[in-house]
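Peer 1: Can you read through this structure? Questions will come right after.
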């Protein structure tokens, strides 16, 4: 099956700093989503981005499907950005999402 | 739109008992729902695909007789953990998507603790 690798596994920032999270996948995809899992476990949809670039406030994402990677940018980070960020993909005719192992982000005041 | 709910949010049960978890799509109909399990500090692992009106399909290594799935209506799927044991303690999360759309939406999860 498809492999999803996220880096870095852990990231510690000071409030106000910018960061880039990466997601590499091993095959072509029909869906790629970025999620933020909050401390209570809820997965928050950030982006649906199988290709191209999107922005939402301080967050933006870019997926280069031909090179099989996606990047999530967080600018001017805030303590509330802390949590685990997951990349998940599906491929072919499947709707099943396969998750990466996540990046744990800690933003210190 | 595209809200998925789960009930209960958390449950504690004794070893050997069965526990039922509900997943509902609140503002759309879902012919397909997914059940995931997440152990502490790990990622989400797909357990099974729930299909309205037909049998669920299970991922390799998931015991279908232990994790019973029923998708009786277009807005409700249930996961029953039968004869639960402490190793079944985990965070269970369901997912669904509106017809014709690709993005998946997730419920808030159910934390199961088996004593």
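Chains as they are written, first to last, in this note's numbering: chain A, 1430 to 1538; chain B, 2 to 116. Here a beta-carbon is modelled for each residue, glycine too, at the ideal position from N, C-alpha and C.
Kindly give me the distance between the Cβ atoms of residue 32 of chain B and residue 75 of chain B, rounded to whole angstroms, as I take these residues to be in contact under 8 Å.
Peer 2: That belief holds up - the Cβ atoms of residue 32 of chain B and residue 75 of chain B are roughly 6 Å apart, short of 8 Å.
Peer 1: For a test of the three-state rule: what should DSSP assign to residue 1510 of chain A, helix, strand or coil?
Peer 2: Three-state DSSP puts residue 1510 of chain A in a helix.
Peer 1: Counting contacts by CB-CB distance shorter than 8 Å, is residue 110 of chain B in contact with chain A?
Peer 2: At least one chain A Cβ lies under 8 Å of residue 110 of chain B.
Peer 1: List the residues of chain A that residue 94 of chain B touches, going by C-beta distances under 8 Å, in chain order.
Peer 2: Ordered by position in chain A, the residues that pass the 8 Å Cβ test against residue 94 of chain B are 1470, 1472.
Peer 1: Who are the near neighbours of residue 26 of chain B in its chain, counting only those whose CB is closer than 7 Å to its CB and skipping five residues on each side?
Peer 2: 5, 76, 97.
Peer 1: With 8 Å set as the bound, which would you pick, yes or no: does the beta-carbon of residue 68 of chain B sit closer than that to a beta-carbon of chain A?
Peer 2: No, no contact with chain A.
Peer 1: Taking residue 1459 of chain A as the reference, which of A:1512, A:1448, A:1477, A:1471 has the closest Cα?
Peer 2: Comparing Cα-Cα distances from residue 1459 of chain A to each of A:1512, A:1448, A:1477, A:1471, the minimum goes to A:1477.
Peer 1: Could you tell me which of A:1456, A:1497, A:1442 sits nearest to residue 1520 of chain A, measuring between CA atoms?
Peer 2: Measuring from the Cα of residue 1520 of chain A, the nearest candidate turns out to be A:1456.
Peer 1: If you draw a straight line from the alpha carbon of residue 1439 of chain A to that of residue 1462 of chain A, how long is it in whole angstroms?
Peer 2: Approximately 19 Å between the Cα atoms of the pair.
Peer 1: Residue 1486 of chain A: which of A:1533, A:1475, A:1492 sits nearest, CA to CA?
Peer 2: The option with the nearest alpha carbon to residue 1486 of chain A is A:1475.
Peer 1: Is residue 1501 of chain A close to chain B? Criterion is C-beta to C-beta, closer than 8 Å.
Peer 2: It does not; no Cβ of chain B falls within 8 Å.
Peer 1: Quick one: is residue 44 of chain B near chain A, going by C-beta distance under 8 Å?
Peer 2: Chain A contact via Cβ: present.
Peer 1: Please compile the residues from chain A whose C-beta is within a distance smaller than 9 Å of the C-beta of residue 47 of chain B.
Peer 2: Within chain A, the residues near residue 47 of chain B are 1525, 1526, 1527, 1528.
Peer 1: Taking only three categories from DSSP, how would you classify residue 1548 of chain A?
Peer 2: With chain A covering 1430 to 1538 only, the question about residue 1548 of chain A has no answer from this structure.
Peer 1: Just mark residue 1445 of chain A as buried or exposed, buried being the case when its beta carbon has 16 or more other beta carbons within 10 Å.
Peer 2: So residue 1445 of chain A counts as exposed.
Peer 1: List, in order along the chain, the chain B residues whose C-beta lies closer than 8 Å to that of residue 1531 of chain A?
Peer 2: Here the neighbours are 44.
Peer 1: In angstroms, rounded to a whole number, what distance separates the CA positions of residue 1517 of chain A and residue 1529 of chain A?
Peer 2: Rounded to the nearest angstrom, the two C-alpha atoms are 6 Å apart.
Peer 1: Buried or exposed: where does residue 73 of chain B fall if 16 or more other Cβ atoms within 10 Å of its Cβ makes it buried?
Peer 2: Under this definition residue 73 of chain B is an exposed residue.
Peer 1: When every heavy atom of the ligand GTP is checked, does at least one fall within less than 7 Å of the C-beta of residue 1492 of chain A?
Peer 2: The ligand GTP is absent from the structure shown, which contains no ligand whatsoever.
Peer 1: Cβ of residue 1466 of chain A within 8 Å of Cβ of residue 1450 of chain A?
Peer 2: Against a cut-off of 8 Å, the Cβ pair of residue 1450 of chain A and residue 1466 of chain A comes out as no contact.
Peer 1: Run through chain A and tell me which residues come within less than 7 Å of residue 35 of chain B, C-beta to C-beta.
Peer 2: The contacting residues are 1525.
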